[in-house]
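One structure below.
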Ligand SMILES: *[C@@H]1O[C@H](CO)[C@@H](O)[C@H](O)[C@H]1NC(C)=O
Ligand SMILES: *[C@@H]1O[C@H](CO)[C@@H](O)[C@H](O)[C@H]1NC(C)=O
Ligand SMILES: *[C@@H]1O[C@H](CO)[C@@H](O)[C@H](O)[C@H]1NC(C)=O
Ligand SMILES: *[C@@H]1O[C@H](CO)[C@@H](O)[C@H](O)[C@H]1NC(C)=O
């Protein structure tokens, strides 16, 4: 009841949060033909979405002449990195530009948020130079302040300032050591490094990794649950799923198309996944609150946590919970007790708290063995599944062995004691 009401409030709030975004960079630049290249690349790289969903930002715009070298010589992924260095995560109107304290500052850019920028590469140095000139350059050591402020294009105080600069800001290596192209990316290695080993292993053993890889060229967005997520009590025993169900579950964790975070934030309605086909909708919906993006499956929400890779045409994010499609796991919410955190005992009673009576080693162990790790060649579904084709968390419990069943009972006892 409370949780339903909370969810309703949350949804209402999220819808409002999306609706108030006031600016549209594409629209601001559309009647200015001298910036048509810059504008069209903001759209192609989806940086426009990112810009439109942020406030307190400054966009440093290049005219078509200043863009020509960049676009003639580099692939889209490199252009995206270069342009994301031109989006400052702070508001600089012309007045503020000329009043920088101590005459010099470093400011964070969108490039810093992609996870691709080591060291100071994601920062821009703004310095007031002699004669009222304002210079911009990469904050990386040894960089020159080669770009200069030329004029103001538009301000919406204090949400977005659009300024023209005369030259691209080039961070060392940003053009010569381009983001890896899709075919170079080892998704398994990236996922393992990001703490998603279980997910990576399932992708490999089920063969779904091949599906992902063949989808990359046309754009792919992956939501990788962390290893922790697979240990959550609400995750059903995956070894009780059929092969086809495991495949559908894994395909459900990816979208066709490149959807960086800004694009996710502007998503409206439900979106289809790689699992979507004639046999089921397998779709997701997205809500946004500030910079936070949450996916909803119908069974439960999952927060989009970190960006593992944002490199056109591939975006990989970690998510806090395994995405459980209603087509496989029913509509029933797993209802994690809202106040289920390890107990703020109301009174400092000297007697041992009820929690400590529980056999903690067992209670702390994950209720079900998750799955294979990379390299283990076992099939994910070695157990014959029940005759029912609707697998729900509750009938998955029926199949568990004695030890896991005991753990479930202990957990149930715990939650009764805790409530
Ligand atoms: C600035 O952004 C906020 C929040 O997105 C919005 O409520 C406000 O209307 C915007 N201001 C202007 C002048 O557009
Ligand atoms: C932004 O403006 C462009 C050009 O006017 C328009 O095509 C686009 O739909 C707008 N985007 C949003 C999110 O309103
Ligand atoms: C910005 O660059 C200039 C010139 O290289 C340098 O003197 C200044 O210290 C830099 N500013 C900051 C805040 O690092
Ligand atoms: C990708 O990385 C995984 C894990 O690090 C490794 O086992 C595999 O051999 C790599 N694949 C390729 C094609 O390099």
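Numbering (mature numbering (1 follows the signal peptide of the UniProt record, and there is no 0)), first residue to last: -22 to -1, 1 to 397. In this text, a Cβ means the ideal position worked out from N, Cα and C, and glycines have one as well.
Which term fits residue i, buried or exposed, when burial requires 16 or more other beta carbons within 10 angstroms of its beta carbon?
{"i": "residue 369", "result": "With a pLDDT of 32 at residue 369, under the threshold of 50, the modelled position of that residue is not reliable, and no figure is offered here."}
{"i": "residue 106", "result": "buried"}
{"i": "residue 122", "result": "exposed"}
{"i": "residue 401", "result": "No statement about residue 401 is possible, as the shown extent of the chain runs from -22 to 397 and does not include it."}
{"i": "residue 339", "result": "Reliability of the predicted coordinates at residue 339 is poor, the pLDDT of 35 falling under 50, and no value is obtained from them."}
{"i": "residue 84", "result": "exposed"}
{"i": "residue 135", "result": "exposed"}
{"i": "residue 327", "result": "Because the pLDDT at residue 327 is just 37, under 50, the model does not fix this residue reliably, and the value given afterwards should be weighed accordingly. Burial call: exposed."}
{"i": "residue 398", "result": "In the structure as shown, the chain starts at -22 and stops at 397, and residue 398 therefore has no counterpart that could be examined."}
{"i": "residue 164", "result": "exposed"}
{"i": "residue 215", "result": "buried"}
{"i": "residue 9", "result": "exposed"}
{"i": "residue 278", "result": "buried"}
{"i": "residue 171", "result": "exposed"}
{"i": "residue 46", "result": "exposed"}
{"i": "residue 195", "result": "exposed"}
{"i": "residue 100", "result": "buried"}
{"i": "residue 96", "result": "exposed"}
{"i": "residue 261", "result": "buried"}
{"i": "residue 280", "result": "buried"}
{"i": "residue 239", "result": "buried"}
{"i": "residue 303", "result": "buried"}
{"i": "residue 243", "result": "buried"}
{"i": "residue 79", "result": "exposed"}
{"i": "residue 360", "result": "Residue placement at residue 360 is poorly supported in this model, since its pLDDT is 34, which falls under 50; the coordinates are not used for a value here."}
{"i": "residue 103", "result": "buried"}
{"i": "residue 401", "result": "Here the chain covers residues -22 to 397 and nothing more, so residue 401 does not appear."}
{"i": "residue 218", "result": "buried"}
{"i": "residue 2", "result": "exposed"}
{"i": "residue 60", "result": "buried"}
{"i": "residue 288", "result": "buried"}
{"i": "residue 82", "result": "exposed"}
{"i": "residue 17", "result": "buried"}
Which residue comes first and which comes last in the alpha helix (DSSP H) that contains residue i?
{"i": "residue 264", "result": "Careful: residue 264 lies outside any alpha helix (DSSP H), inside the beta strand (DSSP E) at 261 to 267."}
{"i": "residue 103", "result": "Segment 101 to 106 is the beta strand (DSSP E) holding residue 103; no alpha helix (DSSP H) there."}
{"i": "residue 240", "result": "239 to 243"}
{"i": "residue 203", "result": "From DSSP, residue 203 is part of no alpha helix (DSSP H) but of the beta strand (DSSP E) over 198 to 203."}
{"i": "residue 78", "result": "No alpha helix (DSSP H) holds residue 78; DSSP gives it neither H nor E."}
{"i": "residue 229", "result": "221 to 229"}
{"i": "residue 151", "result": "From DSSP, residue 151 is part of no alpha helix (DSSP H); its letter is neither H nor E."}
{"i": "residue 89", "result": "Careful: residue 89 lies outside any alpha helix (DSSP H) and carries neither H nor E."}
{"i": "residue 179", "result": "175 to 184"}
{"i": "residue 43", "result": "42 to 51"}
{"i": "residue 27", "result": "25 to 30"}
Can you pull the DSSP bridge partners for residue i?
{"i": "residue 138", "result": "35 and 134"}
{"i": "residue 248", "result": "263"}
{"i": "residue 287", "result": "294"}
{"i": "residue 114", "result": "104 and 125"}
{"i": "residue 143", "result": "127"}
{"i": "residue 84", "result": "103"}
{"i": "residue 255", "result": "258"}
{"i": "residue 280", "result": "273"}
{"i": "residue 66", "result": "36 and 87"}
Starting from residue i and walking both ways along the beta strand (DSSP E), at which residues does that stretch end?
{"i": "residue 20", "result": "First-last for residue 20: 14 to 22, but that is the alpha helix (DSSP H), not the beta strand (DSSP E)."}
{"i": "residue 270", "result": "270 to 274"}
{"i": "residue 164", "result": "Per DSSP, residue 164 belongs to no beta strand (DSSP E) and is neither H nor E."}
{"i": "residue 232", "result": "232 to 234"}
Quick one: is residue i near chain B, going by C-beta distance under 8 angstroms?
{"i": "residue 192", "result": "Judged by its chain identifiers, the structure shown contains no chain B, having just a single protein chain."}
Going by the C-beta, is residue i closer than 7 angstroms to any heavy atom of ligand 6?
{"i": "residue 154", "result": "Ligands in the displayed structure: ligand 1, ligand 2, ligand 3 and ligand 4; ligand 6 is not one of them."}
(request) For ligand 4, enumerate in chain order all residues having a CB closer than 5 angstroms to any of its heavy atoms. (result) 164, 166 and 167
(request) Under 6 angstroms from any heavy atom of ligand 3, by CB: list those residues in chain order, please. (result) 82, 83, 84, 103, 105 and 123
(request) Collect the residues with a C-beta less than 7 angstroms away from any heavy atom of ligand 2 and give them in sequence order along the chain. (result) 2, 4, 5, 8, 30 and 244
(message) So, does the region 19 to 28 touch the region 108 to 126, judging by three or more C-beta pairs under 8 angstroms?
(response) no
(message) Check whether the region 47 to 57 and the region 71 to 84 touch, using three or more Cβ-Cβ pairs below 8 angstroms as the test.
(response) no
(message) Quick check: the region 212 to 229 against the region 179 to 192, are at least 3 beta-carbon pairs closer than 8 angstroms?
(response) yes
(request) Tell me, please, whether the region 197 to 208 touches the region 166 to 177 by the rule of three or more beta-carbon pairs shorter than 8 angstroms. (result) yes
(message) Check whether the region 135 to 146 and the region 33 to 42 are in contact - that is, three or more C-beta pairs closer than 8 angstroms.
(response) yes
(message) Counting beta carbon pairs with one atom in the region 256 to 269 and one in the region 290 to 297, are three or more of them shorter than 8 angstroms?
(response) no
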